[in-house]
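Everything below concerns the one structure shown next.
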Amino acid sequence: MVTQIPSPTQQEVIYPDSDGLPMANNTDQFRWILVIEQNLEWMYANDENVFVAGDLFWYPIEGRSNIVNAPDVMVAFGIPKGRRSSYQQWNESGIAPQVVFEILSPSNTQDEMEKKLLFYDRHGVEEYYIYNPSNNQLRGWLRGQDGLDAIALMENYVSPRLGIRFDLSGDQLQIYRPDGTRFFSYVEICQLLEEERQQTAQERQRAELAETALEEERQRAELAETALEEARRRSQILMERLREMGINPDELS
4 MVTQIPSPTQ QEVIYPDSDG LPMANNTDQF RWILVIEQNL EWMYANDENV
54 FVAGDLFWYP IEGRSNIVNA PDVMVAFGIP KGRRSSYQQW NESGIAPQVV
104 FEILSPSNTQ DEMEKKLLFY DRHGVEEYYI YNPSNNQLRG WLRGQDGLDA
154 IALMENYVSP RLGIRFDLSG DQLQIYRPDG TRFFSYVEIC QLLEEERQQT
204 AQERQRAELA ETALEEERQR AELAETALEE ARRRSQILME RLREMGINPD
254 ELS
C-alpha cells in the first residue's frame with residue numbers, strides 16, 4: 004500500500020525580526036528612544052498586561068510579511084510582558100499597539116514619515132507622536148471617528164492613554180509622568196542613585212554617631228549612679244561607726 008504524503012496547502016511565511024539597519028542614526032535619536040522606552044517600562048513595571056518595546060517589528064496582518072513597521076517605541080495595553088522576536092498582531096489577541104513614538108533623524112524623509120502615518124492610521128494606533136530633537140518640535144495625532152487627527156497644540160498636552168505630559172517650554176522636550184515625576188535619562192538616574200547612596204551613607208553615619216553619643220551618655224549615667232551608690236555606702240558605714248562610738252548621727256545635724 005502506497006501512502007501519499009499531502010503537500011502543504013500554504014507555504015510557510017517567514018517574518019524577519021531585523022532589516023539589518025541600525026536602531027538609530029545618531030546619538031540624539033538613540034538617547035531619546037531609550038529615554039522614552041525605559042521610562043515607560045518603569046511606569047508600567049508593576050502592570051503585567053502592558054507591553055512596551057523599542058524598535059520591534061510589528062506585523063499587523065497574518066501571512067503578509069511585507070506589511071511591517073518598527074516603531075521607535077510602542078505601547079500595547081492588554082498584552083502580557085515577555086520576550087518577542089517581533090509583534091505579530093494575530094498572536095496578540097488582534098490588539099494593535101495603542102501608542103507609538105517616532106524620533107526623527109536627518110535621514111528621515113517626508114515620504115517615509117507620511118507612509119508611517121498611513122500605516123499607523125490604517126492599522127489601529129490610537130496615539131502617534133513624532134519628536135524632532137534638532138528643533139525641539141513635537142507633533143501628535145489622536146484617533147477620532149475618521150482615523151488619526153492631528154493634535155492642534157502639543158505644549159503641555161496630556162496623553163489620554165499614558166497620562167504623561169509633554170512640556171516644550173525649554174530648549175528640549177520634557178516628559179512628566181502622571182505623578183509629576185520627570186522622565187530621566189540613564190545618566191540622570193545613575194546620578195540620582197549615587198546621590199541617594201551618599202545621602203543614605205551620611206544618614207547612617209549620623210545615626211551611628213548618635214548611637215555612640217547615646218551609649219557614652221548611658222555609660223556616664225551608669226558611672227554617676229555607681230558613684231552615688233558608693234557615696235551612700237560610705238555614708239552608711241560612717242553612721243554605723245559613729246553609733247558604735249556612742250554618737251547619734253541624727254543629732255549631729
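Just add 3 to wherever you are in the sequence shown, counting from 1, and you've got the working numbering. In this text, a Cβ means the ideal position worked out from N, Cα and C, and glycines have one as well.
*Residues in its own chain within less than 8 Å of Arg164 by CB, not counting five upstream and five downstream?*
The residues are Val78, Phe80, Gln101, Val102, Glu129 and Glu130.
*How would you call Tyr90, buried or exposed, if buried means at least 16 neighbouring beta carbons within 10 angstroms?*
The residue in question, Tyr90, is buried, as its Cβ has 16 or more Cβ neighbours within 10 Å.
*Please name the residue in Val38, Ile64, Gln32 and Leu217 whose C-alpha comes closest to that of Ser137.*
Nearest of Val38, Ile64, Gln32 and Leu217 to Ser137, Cα basis: Gln32.
*Please determine, among Arg67, Ser88, Arg87 and His126, the residue with the shortest C-alpha to C-alpha distance to Ile98.*
Of Arg67, Ser88, Arg87 and His126, the smallest CA-CA separation from Ile98 is found for His126.
*Would you give the residue range spanned by the alpha helix (DSSP H) that Gln177 belongs to?*
DSSP places Gln177 outside any alpha helix (DSSP H); the residue lies instead in the beta strand (DSSP E), whose first and last residues are Gln177 to Tyr179.
*Quick one, which of Leu171, Trp93 and Leu59 has its alpha-carbon nearest Asn139's?*
Minimum Cα distance to Asn139 is reached at Leu171.
*Phe186 and Val53 look like a contact to me (Cβ under 8 Å); what is the Cβ gap, rounded to whole Å?*
Contact flag wrong, Cβ pair sits at about 16 Å.
_Bridge partners for Asn72 per DSSP, in chain order?_
Note: Asn72 sits in a beta bridge opposite Trp61.
_Does Ile167 pass the burial test, meaning 16 or more other C-beta atoms within 10 Å, or should it be called exposed?_
Its Cβ being crowded by 16 or more others within 10 Å, Ile167 is buried.
_Identified DSSP bridge partners for Met77_ = Its beta-bridge partners are Ala56 and Val103.
*Where does the unbroken alpha helix (DSSP H) through Leu120 begin, and where does it stop?*
Residue range Gln113 to Arg125 is occupied by the alpha helix (DSSP H) that includes Leu120.
*Please specify which runs of the alpha helix (DSSP H), each continuous and at least 4 residues long, are wholly inside the segment 155 to 217, giving them in chain order.*
Listed in chain order, nothing qualifies, since the segment 155 to 217 has no complete alpha helix (DSSP H) run of 4 or more residues.
*Short Cβ contact (8 Å threshold) for Val76 with Glu40*: Yes, these two residues count as a Cβ contact at 8 Å.
_Nearest neighbour of Ala73, chosen from Ser162, Ala230 and Tyr18 [CA to CA]_ = Looking from the CA of Ala73, the closest CA among Ser162, Ala230 and Tyr18 belongs to Tyr18.
*N-terminal and C-terminal residue of the alpha helix (DSSP H) that Arg34 is part of*: Looking at the DSSP string, the run of the alpha helix (DSSP H) that includes Arg34 is Thr30 to Met46.
_Which of helix, strand or coil DSSP assigns to Ile8_ = Interpretation of Ile8 is limited by its pLDDT of 44, a score under 50 that renders its predicted location unreliable; no figure is taken from the coordinates.
*Where Tyr189 and Thr30 are concerned, what is the direct C-alpha to C-alpha distance, given to the nearest angstrom?*
Between the alpha carbons of Tyr189 and Thr30 lies a distance of about 14 Å.
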